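In the numbering used here, the protein residues as written are 14 to 390.
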Amino acid sequence: MSLLTTTTLQADGTILATWADGHSASFGAYWLRDNCRCAQCRHPGNGQKLYQIVDLPAQLSVRTLSLVPGPSLEVIWSDGHASAYGGDWLAAHQLGSTARRARQVKPVLWDQRIAADMPVASWPALLADPAQELAWLERYTALGFGLLKDVPTTPGAVAEVGDRLGYVRITNYGRLFDVKSVPNPTNLAYTAVALGVHSDNPYRHPSPGVQLLHCLEAEAPGGDTLLVDGFAAAELLRQQDLAAFELLRTVPMNFRYADAQTDLRARQTLISTDREGVLKAVHFNNRSADWLDAPADVAEAWYQAYRQFAQLLLRDELQLVFRLAPGDCVVMQNDRTLHGRTAFDPNLGRRHLQGCYIDRDAMESRRLVLRRTLNPA
Ligand SMILES: [Fe+2]
Ligand SMILES: [Zn+2]
Numbered sequence: 014m015s016l017l018t019t020t021t022l023q024a025d026g027t028i029l030a031t032w033a034d035g036h037s038a039s040f041g042a043y044w045l046r047d048n049c050r051c052a053q054c055r056h057p058g059n060g061q062k063l064y065q066i067v068d069l070p071a072q073l074s075v076r077t078l079s080l081v082p083g084p085s086l087e088v089i090w091s092d093g094h095a096s097a098y099g100g101d102w103l104a105a106h107q108l109g110s111t112a113r114r115a116r117q118v119k120p121v122l123w124d125q126r127i128a129a130d131m132p133v134a135s136w137p138a139l140l141a142d143p144a145q146e147l148a149w150l151e152r153y154t155a156l157g158f159g160l161l162k163d164v165p166t167t168p169g170a171v172a173e174v175g176d177r178l179g180y181v182r183i184t185n186y187g188r189l190f191d192v193k194s195v196p197n198p199t200n201l202a203y204t205a206v207a208l209g210v211h212s213d214n215p216y217r218h219p220s221p222g223v224q225l226l227h228c229l230e231a232e233a234p235g236g237d238t239l240l241v242d243g244f245a246a247a248e249l250l251r252q253q254d255l256a257a258f259e260l261l262r263t264v265p266m267n268f269r270y271a272d273a274q275t276d277l278r279a280r281q282t283l284i285s286t287d288r289e290g291v292l293k294a295v296h297f298n299n300r301s302a303d304w305l306d307a308p309a310d311v312a313e314a315w316y317q318a319y320r321q322f323a324q325l326l327l328r329d330e331l332q333l334v335f336r337l338a339p340g341d342c343v344v345m346q347n348d349r350t351l352h353g354r355t356a357f358d359p360n361l362g363r364r365h366l367q368g369c370y371i372d373r374d375a376m377e378s379r380r381l382v383l384r385r386t387l388n389p390a
């Protein structure tokens with residue numbers, strides 16, 4: 014409980030709020046007004062906003078300011094509208110740099126040592142127990158991947174898992190795709206060669222948020238799964254060569270996939286951050302890299318940065334290597350956790366995986382709803 018003790022109108026028109034523990038924070042007039050929760054501003058039932066931003070006066074100032082029992086801050090604005098803000102709400106929405114940093118959700122970076130503590134759950138147990146589901150989703154979200162065991166080894170089961178975790182995204186590959194060696198493949202994934210770590214389908218708008226890969230058969234020697242935390246590699250690049258990091262963050266490359274019926278193209282940076290520098294996405298795919306449309310001098314420097322990043326992704330200590338057994342399903346944030354596989358010999362046994370894509374938002378929503386229901390505040 015954060016009790017407000019004083020509120021003061023400052024010379025620049027901002028409002029300074031001070032709490033019982035002595036700390037204070039200032040809030041701008043327009044920002045506060047747009048966060049008014051009164052029944053005229055927000056629908057009391059669904060919380061949605063009832064006015065347009067242009068409905069607010071261009072110039073807005075405080076007419077009177079007071080602390081009312083609660084205690085909350087009450088403001089009468091220059092246009093006569095009255096707003097009230099609770100001390101807890103203001104404390105949770107402070108805009109100072111320390112408070113904003115504390116609210117940032119930082120990814121937990123990992124390397125091959127995660128092998129000793131994999132984010133793993135049994136699929137039937139997870140289905141039966143929301144607490145286990147939430148625990149798995151929390152680790153999945155922090156690490157950018159998770160493993161499910163005991164998924165039925167029936168063809169198509171991966172799409173059922175996808176539709177339980179979110180909603181399967183249908184693409185030109187269909188609702189799901191098979192990863193096994195076939196003659197004359199249209200994609201290197203359908204051969205027996207090793208695949209370097211990559212994110213899937215960076216040629217789409219948007220790229221798939223989540224990829225599921227479900228193992229149905231794993232008799233062929235080799236074909237182990239490789240996972241790399243793209244965020245850990247990007248942080249290493251940032252530490253070792255900030256200029257290289259900035260090039261990959263700001264200069265987009267073209268990605269493309271084409272076959273007889275399809276021509277998919279997208280242009281995106283290999284590394285994305287928010288304006289505070291927090292990593293948001295890594296896209297890396299050698300097979301579908303098309304060409305770099307950038308000024309010649311920028312392109313030369315960019316290639317050095319690209320090479321350096323690719324070298325980091327090959328580091329042994331970053332590569333988690335494990336073997337998917339029949340019934341295992343790995344779930345990856347496709348714009349963070351890169352995946353690949355070692356080569357296998359299709360003549361020595363069968364290897365069959367099925368995969369599908371889902372969006373990130375439904376999984377994130379599920380995690381927040383489970384949090385709300387299992388740990389009510
Ligand atoms: Fe892939
Ligand atoms: Zn209002």
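Ideal Cβ placement from N, Cα and C applies to all residues, glycine included. Quick caveat: nothing in here was measured; it's all calculated off a predicted structure.
- In the three-state reduction of the DSSP assignment, V118 falls in the coil class.
- With a 10 Å radius around the Cβ and a threshold of 16 neighbouring Cβ atoms, E232 comes out exposed.
- For the pair of segments examined, the stretch 257-264 was found not to touch the stretch 373-388: the number of CB pairs separated by less than 8 Å stays below three.
- With a cut-off of 7 Å, the C-beta of H94 is classified as near ligand 2, since at least one heavy atom of the ligand falls inside that distance.
- Taking the C-beta atoms as reference points, L225 is found no nearer than 8 Å to V192.
- A distance below 6 Å between beta-carbons, with the five flanking residues on each side excluded, links D101 to the following residues of its chain, in chain order: S15.
- Nearest to Y370 by C-alpha distance, out of A104, S220, N59, V81, is S220.
- Note on geometry: alpha-carbon atoms of D25 and R113 lie some 22 Å from one another.
- Straight through space, the alpha carbons of Q145 and P132 are spaced by roughly 11 Å.
- By a beta-carbon distance limit of 8 Å, H227 contacts Q367. Their separation comes to about 5 Å.
- In the pairwise beta carbon analysis, the stretch 40-60 is classified as touching the stretch 86-96: at least three pairs are separated by under 8 Å.
- Going by DSSP, D101 is part of the alpha helix (DSSP H) stretching over 100-105.
- Each residue's CA atom was taken as its position, placing W90 and Q61 some 21 Å apart.
- Annotation for D348 indicates a beta carbon at 7 Å or more from all heavy atoms of ligand 1.
- Close CB contacts of L361 within its chain, under the 6 Å cut and outside five residues either way in sequence, are with A233, P234 (chain order).
- DSSP places R364 inside the beta strand (DSSP E), whose first and last residues are 364-371.
- Here the stretch 301-321 lies against the stretch 267-283, with 3 or more beta-carbon pairs under 8 Å apart.
- For V206, the three-state secondary structure derived from DSSP is coil.
- Looking at the DSSP output, W32 bridges to L17.
- For ligand 1, no non-hydrogen atom lies closer than 7 Å to the CB of H227.
- Taking every protein chain shown into account, the CB of V241 has 16 or more other CB atoms within 10 angstroms, so this residue is buried.
- Between V121 and Q72, the alpha-carbon positions lie close to 43 Å from each other.
- A distance below 8 Å separates the beta carbons of L189 and G169.
- By the neighbour-count criterion, in which 16 or more other beta carbons inside 10 Å mark a residue as buried, N59 falls on the exposed side.
- Y270 is bridged by DSSP to L277.
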